[in-house]
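In what follows, a structure is listed as structure tokens, so that the remarks can point back to it.
Protein chains: 2
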Amino acid sequence: MRTPEPAVTAAPLSPSTAAGSAGGFHPTPHEFGVGARFTLAVMADDFAEVILDALRQADASGLDVATGVVSTYVSGAEQDVMRYLSQALSAAGRSGAHVSASVHLSRGCPGGVTCAIPAGGAALHSEVPVLESTGVHCVADWALYPLADAGTDGGSADHMRDIYAAIDHARSTGITVTPDHYVTRLEGDLGLVLETIAAGWVLAGRSVQHVTTHATLSINSPSAA
Amino acid sequence: MRTPEPAVTAAPLSPSTAAGSAGGFHPTPHEFGVGARFTLAVMADDFAEVILDALRQADASGLDVATGVVSTYVSGAEQDVMRYLSQALSAAGRSGAHVSASVHLSRGCPGGVTCAIPAGGAALHSEVPVLESTGVHCVADWALYPLADAGTDGGSADHMRDIYAAIDHARSTGITVTPDHYVTRLEGDLGLVLETIAAGWVLAGRSVQHVTTHATLSINSPSAA
Chain Z
1 MRTPEPAVTA APLSPSTAAG SAGGFHPTPH EFGVGARFTL AVMADDFAEV
51 ILDALRQADA SGLDVATGVV STYVSGAEQD VMRYLSQALS AAGRSGAHVS
101 ASVHLSRGCP GGVTCAIPAG GAALHSEVPV LESTGVHCVA DWALYPLADA
151 GTDGGSADHM RDIYAAIDHA RSTGITVTPD HYVTRLEGDL GLVLETIAAG
201 WVLAGRSVQH VTTHATLSIN SPSAA
Chain G
1001 MRTPEPAVTA APLSPSTAAG SAGGFHPTPH EFGVGARFTL AVMADDFAEV
1051 ILDALRQADA SGLDVATGVV STYVSGAEQD VMRYLSQALS AAGRSGAHVS
1101 ASVHLSRGCP GGVTCAIPAG GAALHSEVPV LESTGVHCVA DWALYPLADA
1151 GTDGGSADHM RDIYAAIDHA RSTGITVTPD HYVTRLEGDL GLVLETIAAG
1201 WVLAGRSVQH VTTHATLSIN SPSAA
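Now the structure itself:
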């Protein structure tokens, strides 16, 4: 059962509560709703075999993983979630097939089910995940959503400020960054692209409780040749 | 070139400005940034043929359409955008192949490039798109993001309130609605599922300028059998 409107409070958060220490609430990643949904689409007749093999090659240590009809849900700490995603997506890419992956990261758990954040709960400080280079090249259409509300999140909800900061961070990483309608396009090694997406998500999440990010990644596209 | 931080203003909007009449600014859908990005992933060796054939079967009247490496960009009025998406996705589904489609709708154009909304621009009232039944069954993982800011959007930014209203609307449509982590799952005819997603997006957009929504749709999944 969800907690109704868990992100809503009348009291602005102080910088110290925004660092995750509000009222002695020290959530686990699962309690804070940290995790991902992703869909691996493999454009080949043997898609089922490639997808199952890729999931088997990914290290799920520390994670709860549940595959459904539309997507696979992954719950756990940011570093573990991103390692799993990078390993699963790069394994699918190494099959040589054209792969399109839809990746949805979320932290600060308002949403469908099971949220342990108390009313007025603060943002949660996490370290930026670090990923290994994969040797797999990708292009990603990326969007970041810091879901700050009036009266919470320091009282200064300004989602474009946080988005522009994340894009500036992406430009510092060495991957190719191109603005386009609705998205920022990232191109480079899959590990570095996912690390950049995760960095924007985690950094925005240090001052905003509920932050999600979506990316569609293309690997081995014939259009890119 | 983008307009820096176009959604940010110090002045709360009155109900009349929230209806789109602020300062005599009567934007076209393109000026307001109304449109979509979508990726059709067809899990078969002849994916390129199926995708190109599906795009050819969709009516692009009134729309600007540009296909890139990762996704296809569609700009125009909500009704035209949704008709195009429904026709393209259902055509791909009628190939019989397993299709995964990533759909990203946006209105209120802060973002990468070209935004004509003046500083302090208001929300834009649009009618809810109406789609025909397609005969194609789908399951979708859906997330809605009303990106209200403090000091704009009537001064009452509360993204979960708008999300719950959209989920309540979805429950009234007759499709199957299931809450899950980070997403709401919608199942039914592809036309009705897309119409429900668009309704949540357009209705939230009547009071919030910048609203996006993401859905991953699964058609002909062997896991669903």
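Taken in sequence, the protein lines are chains Z and G. Everything in the first sequence is counted per the working numbering, starting at 1 for the first residue and increasing by one. Everything in the second sequence is counted per the working numbering, starting at 1001 for the first residue and increasing by one. Beta carbons: idealized from backbone N, C-alpha and C, even for Gly.
Closer than 9 angstroms to the CB of GLY188/Z there is not a single CB belonging to chain G. Around the C-beta of GLY191/Z, 16 or more other C-beta atoms lie within 10 Å, and the residue is accordingly described as buried. Taking a Cβ-Cβ cut-off of 7 angstroms, the neighbours of ARG1037/G in chain Z comprise ASP141, TYR182, VAL183, given in sequence order. It is roughly 15 angstroms from the alpha-carbon of THR1067/G to the alpha-carbon of LEU217/Z. Annotation for ALA41/Z: PHE47, VAL99, SER100, ALA101, SER102 place their beta carbon closer than 8 angstroms to its own, counting only its chain and skipping 5 residues before and after.
Contact annotation: in the stretch 1069 to 1098 of chain G, residues whose CB is within less than 8 angstroms of a CB in chain Z are VAL1069, VAL1070, SER1071, TYR1073, SER1075, HIS1098. Selection ALA1058/G, GLU1078/G, VAL1069/G evaluated against SER1090/G yields ALA1058/G as nearest (Cα-Cα). If only complete runs of 3 or more residues are kept, the stretch 51 to 133 of chain Z shows the beta strand (DSSP E) at 64 to 67, 72 to 75, 99 to 107, in order along the chain. Using a Cβ-Cβ cut-off of 7 angstroms, SER1218/G is close to VAL69, VAL70 of chain Z, given in chain order. PRO1029/G and ASP1080/G have their alpha carbons spaced roughly 10 angstroms apart.
For TYR164/Z, the enclosing alpha helix (DSSP H) covers residues 159 to 171.
Inclusion of VAL69/Z and TYR145/Z in the CB contact set at 9 angstroms is not warranted, their separation being larger than that value. Below the 9 angstroms Cβ cutoff, chain Z contributes ALA41, MET43 as neighbours of VAL1042/G, in chain order.
Counted as a single uninterrupted DSSP element, the beta strand (DSSP E) harbouring ALA1143/G occupies residues 1137 to 1146. Sixteen is the threshold: when 16 or more other Cβ atoms of the shown chains lie within 10 Å of the Cβ of ARG37/Z, as they do, the residue is buried. With a threshold of 16 other beta carbon atoms within 10 Å, HIS1181/G meets it and is buried. In the DSSP assignment, ALA215/Z is bridged to VAL103/Z, TRP142/Z. Identification of chain G residues near ASP162/Z by a Cβ-Cβ cut-off of 8 angstroms yields none; the smallest Cβ-Cβ distance measures about 10 angstroms.
Taking a beta-carbon distance threshold of 9 angstroms, ALA1199/G does not count as an interface residue toward chain Z. Around the beta-carbon of GLU49/Z, fewer than 16 other beta-carbon atoms lie within 10 Å, marking it exposed. Judged by DSSP secondary structure, ALA198/Z falls outside any beta strand (DSSP E) and instead within the alpha helix (DSSP H) spanning 190 to 204.
Per the DSSP secondary-structure output, ASP180/Z pairs in a beta bridge with VAL183/Z. Any Cβ of chain Z closer than 9 angstroms to the Cβ of PRO1222/G would place that residue at the interface, and such an atom is present. Per DSSP, the unbroken beta strand (DSSP E) holding PHE38/Z starts and ends at 35 to 42.
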